[in-house]
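Novice: This is the structure I want to talk about, given as structure tokens.
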Amino acid sequence: MINLSPWVIFFASIFTGNILLTYFLGMCSFLSVSRQINTALGLGLAVTFVLTLTAALNHVIYFRLLEPMGLEYLRYIVFIVVIAATVQFIEMVVERYSEALYINLGIFLPLITVNCAILGVSLFMVIRRYTFIQSVFFGAGSGLGWLLAILAMAGIREKLKEERIPSALRGPGIALIITGIMAMAFVGFSGIVQIQ
Amino acid sequence: MTQILITMGVLGGINGLLALLLVIAEKFIANYGSCRITVNGEKIFEIQGGSSLLNSLKTQKIFLPSACGGRGTCAYCKCRVLDNGGTVLPTEAPLLTQDEIKNHVRLACQLKVKKDLAVEIPEELFNIQEFTAVVEKLEDLTSDIKLVRLQLKHPETIQFKPGQYVQLQNNPYEGVKETASRAYSIASPDSDSRVLELIIRLVPEGIVTTWVHQYLKAGDEVRFTGPMGDFALHEGEGEIVMVAGGSGMAPMVSLLNQLEKQKSKRKITYFFGAVKRSELFYEEVMKRFGERLVDFTFVPALSQPDPDDHWSGKTGLITRPLDEYLQTIDTSKVQGYLCGSPGMIRACIGVFSQRGVENDRIYYDPFS
Chain E
4 MINLSPWVIF FASIFTGNIL LTYFLGMCSF LSVSRQINTA LGLGLAVTFV LTLTAALNHV
64 IYFRLLEPMG LEYLRYIVFI VVIAATVQFI EMVVERYSEA LYINLGIFLP LITVNCAILG
124 VSLFMVIRRY TFIQSVFFGA GSGLGWLLAI LAMAGIREKL KEERIPSALR GPGIALIITG
184 IMAMAFVGFS GIVQIQ
Chain H
135 MTQILITMGV LGGINGLLAL LLVIAEKFIA NYGSCRITVN GEKIFEIQGG SSLLNSLKTQ
195 KIFLPSACGG RGTCAYCKCR VLDNGGTVLP TEAPLLTQDE IKNHVRLACQ LKVKKDLAVE
255 IPEELFNIQE FTAVVEKLED LTSDIKLVRL QLKHPETIQF KPGQYVQLQN NPYEGVKETA
315 SRAYSIASPD SDSRVLELII RLVPEGIVTT WVHQYLKAGD EVRFTGPMGD FALHEGEGEI
375 VMVAGGSGMA PMVSLLNQLE KQKSKRKITY FFGAVKRSEL FYEEVMKRFG ERLVDFTFVP
435 ALSQPDPDDH WSGKTGLITR PLDEYLQTID TSKVQGYLCG SPGMIRACIG VFSQRGVEND
495 RIYYDPFS
């Protein structure tokens, strides 16, 4: 277990170890839902919320149940099931109690079940042997990092609409190139803190 | 051994617990109690909330058309929700126009019934009924297109306008427990109201078409709802130009039957597209129309004929012979009737408008 302030982990997972731009996790929904700033914001917030919650849940399940019983190899399947169930539950609650939130976040929730950033955070947390508090901050930070990346991307893509792009690169092509450039920019942050 | 048992136990335990929690949550959180739906201000239904408006109305024997089976892509299930509809969902927005949103038009398949609702449904949709029928015969028209002839059982007759479609529902079959409804145009004439003929092409992975092609047998009982759709023959004096591909043959046959019955004197030209010779069908039926109609020409075109086909007719995509033909005639009164894939329809509309057939004289029925 590494002895790091949760806040360091929090900021590090936003900037130096951005889940999307450093590890390239969660690309699918990143590319498909980054056309408009509002929808990107909605999806980003939903991802942040689910990430924080599932990191906490999976931490408890892994370190209190799976590891003591020597069942570490079950973590993939258990994490996925927990994520899916959490998302279902959140969707139900949001749909019932907040129509505004459902319209903004609800339709993204099913997308999140298959967002590999969510599973990635749970697995990293296990590899790096974070404490509970560290995991929650790591989850929240990674979510905000993902939100930051998709917001930046959506902002750029909204501007790109008016630009003249070679037809072969329109759509995912130019989006991937931009992602690469953004990732390079984020490399500048790396090395400031080590969190693994 | 113990390891395996522990693994199974833990995994089963976790999954079971989560499933249980979700079931409990669904019981308490997703329980919207009973809701009242008022239809057109006169009929009032009490239904259990929580499912879509489309399915809720179905339980009350009101069948809104829905070609896509509730996936929110065909936009046929539009209706006005006057009360408590809430905001338009992002899944509906792309399919509604500004005017429709202002008029409280919603997609019934996307709107979940959570409160008492007041909805407005066009009167003619009340004619839509649920039918049971027995498969009288199945016939291979090509390697992937089947003719399905249904003998109606309950109700015993159906009144429809040529060009309309019904929604066939699959029975559960091997590996597929869900039922889905898909729209198929009626190919039989409206003179025999006890029988329906559908032309169904196999769609890879399609739930209903796979069932029809691989599991359905003569004598089986099937269910469908209908009739729906507003694709129909329009009054006019000008020439009728029909364009279809694959199972788009069905509504055209229906229209041709109607023209024959009316003893129409209009000039009719029918372009039918296929890839190779083996995909052409109903050639005798077309020949018969040629004999009975005053001025009917059937123009099949193959996009990639096999060398063995010895094809001497038109070649290329259907837009090519259509374009060539439209250049040779006066198009000021031509009516265009199209049925096929959305891509084909878009391309043909382009050709029609380029040759002076305005959009208000083009009628179409896309596959969805």
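Each protein sequence line maps, in turn, to chains E and H. Under our numbering, the first residue of the first sequence carries the number 4, and numbering increases by one thereafter. Under our numbering, the first residue of the second sequence carries the number 135, and numbering increases by one thereafter. In this text, a Cβ means the ideal position worked out from N, Cα and C, and glycines have one as well.
#1: Out of H:Leu-241, H:His-444, H:Asp-278, H:Ile-452, which has the shortest C-alpha to C-alpha gap to H:Ala-227?
#2: Within a Cβ cutoff of 6 Å, which residues of the same chain sit near H:Arg-378, ignoring the five residues on either side of it in sequence?
#3: Do H:Val-269 and H:Leu-284 have their beta-carbon atoms positioned less than 8 Å apart in this structure?
#4: For the putative contact between H:Leu-427 and H:Glu-394, defined by C-beta atoms under 8 Å, what is the C-beta separation to the nearest angstrom?
#5: Give, in chain order, every unbroken run of the beta strand (DSSP E) that is at least 3 residues long and sits entirely within the region 308–337 of chain H.
#6: Going by DSSP in three states, H:Ile-479 sits in which element: helix, strand or coil?
#7: Determine the DSSP secondary structure at H:His-288, reduced to helix, strand or coil.
#8: Run through the DSSP bridge pairs and tell me what H:Gly-360 is partnered with.
#9: Apart from the five residues on each side of it in sequence, which residues of its chain come closer than 6 Å, Cβ to Cβ, to H:Thr-431?
#10: Can you list the residues of chain E that H:Pro-289 reaches, using a CB-CB cut of under 9 Å?
#11: Under 8 Å: do the region 235–251 of chain H and the region 183–203 of chain H share three or more Cβ pairs, one atom per stretch?
#12: From the DSSP secondary-structure annotation, give me the bridge partner or partners of H:Ala-435.
#13: Taking only the alpha-carbon atoms, compute the straight-line gap between H:Gly-167 and H:Val-247 and give it to the nearest angstrom.
#14: Who pairs with H:Gln-301 in a beta bridge, going by DSSP?
#15: What whole-angstrom Cβ distance do H:Leu-389 and H:Leu-330 have, given they're in contact under 8 Å?
#16: Give the straight-line distance between the Cα atoms of H:Cys-213 and E:Gln-137, rounded to the nearest whole angstrom.
#17: Between the region 159–186 of chain H and chain E, which residues of the former have a C-beta closer than 7 Å to a C-beta of the latter?
#18: Going along chain H, which residues have a C-beta under 9 Å from E:Gln-137?
#19: On the premise that H:Ala-267 lies in contact with H:Phe-179, defined as a C-beta separation below 8 Å, what is that separation, rounded to the nearest angstrom?
#20: What does E:Leu-74 touch in chain H if you count any residue whose Cβ is under 8 Å from its own?
#21: Just to confirm, is the Cβ distance from E:Ile-153 to E:Ser-37 under 8 Å?
#22: Give a single yes or no on whether H:Pro-385 has its beta carbon closer than 7 Å to a heavy atom of the ligand SAM.
#23: Would you mind stating whether H:Ile-262 and H:Met-362 have Cβ atoms separated by less than 8 Å?
#24: Please determine, among E:Trp-149, E:Leu-68, E:Arg-78, E:Thr-134, the residue with the shortest C-alpha to C-alpha distance to E:Val-53.
#25: For H:Asp-217, which residues does DSSP report across the bridge?
#26: Find the residues of chain H that neighbour E:Ile-106, judging by a C-beta separation of less than 9 Å, and give them in chain order.
#27: Which chain H residues are close to E:Leu-77, counting only those with a beta carbon under 8 Å from its beta carbon?
#28: Under a three-way DSSP split, which group does H:Cys-94 fall into?
#29: Identify whether H:Met-376 lies in helix, strand or coil by the three-state DSSP scheme.
#30: Check the Cβ of E:Gln-91 against every Cβ in chain H and list those closer than 7 Å, keeping chain order.
#31: Let's test the definition: count the other Cβ atoms within 10 Å of the Cβ of H:Ala-321 and tell me whether it reaches 16, buried, or not, exposed.
#32: Identify, in the order they occur along the chain, each residue of the same chain with its Cβ nearer than 7 Å to the Cβ of E:Gly-47, setting aside the five sequence neighbours on each side.
#33: Is H:Gln-396 helix, strand or coil by DSSP?
#34: When burial is assigned at 16 or more other CB atoms within 10 Å of the CB, is H:Trp-345 buried or exposed?
#35: When DSSP labels each residue in this structure, what does H:Cys-169 get in the three-state scheme?
#36: Please list the partners that E:Val-81 has in chain H, where partner means a Cβ-to-Cβ separation under 9 Å.
Specialist: So, from the data block:
#1: H:Leu-241
#2: In the sequence as displayed, the identity of residue 378 of chain H is Ala instead of Arg. Excluding sequence neighbours, H:Ala-378 sits near Met-386, Phe-406, Cys-473, Gly-474.
#3: yes
#4: For a cut-off of 8 Å, the C-beta gap from H:Leu-427 to H:Glu-394 is around 6 Å, short enough to register as a contact.
#5: 315–319, 329–335
#6: helix
#7: strand
#8: Under the DSSP definition of a beta bridge, H:Gly-360 partners with H:Gln-263.
#9: Thr-403
#10: Near H:Pro-289 there are no residues of chain E at all, since even the closest Cβ is about 38 Å away, more than 9 Å.
#11: yes
#12: H:Gly-407, H:Lys-448
#13: Between H:Gly-167 and H:Val-247, the C-alpha separation is close to 10 Å.
#14: H:Ala-317, H:Thr-359
#15: Not a contact, Cβ separation roughly 16 Å.
#16: 51 Å
#17: Ala-159, Glu-160, Ile-163, Ala-164
#18: The contacting residues do not exist; E:Gln-137 stays about 23 Å from chain H at best.
#19: At roughly 27 Å, the Cβ-Cβ gap does not stay under 8 Å, so H:Phe-179 and H:Ala-267 are not in contact.
#20: Chain order gives the chain H residues near E:Leu-74 as Ile-140, Thr-141, Val-144, where near means a beta carbon separation below 8 Å.
#21: yes
#22: Judged by which ligands are present, the structure shown has none, so any question about the ligand SAM falls away.
#23: yes
#24: E:Trp-149
#25: H:Ala-252
#26: Gly-220, Thr-221, Val-222, Leu-223, Pro-224
#27: Within 8 Å Cβ-Cβ: Thr-141, Val-144, Leu-145.
#28: This structure gives no information on residue 94 of chain H, because the portion of chain H shown stretches from 135 to 502.
#29: strand
#30: Leu-156
#31: buried
#32: Only residues of its own chain outside the window of five on either side were considered, and among them Trp-149, Leu-150, Ile-153, Leu-154 have a CB closer than 7 Å to the CB of E:Gly-47, listed in chain order.
#33: coil
#34: buried
#35: strand
#36: Val-144, Leu-145, Ile-148, Asn-149
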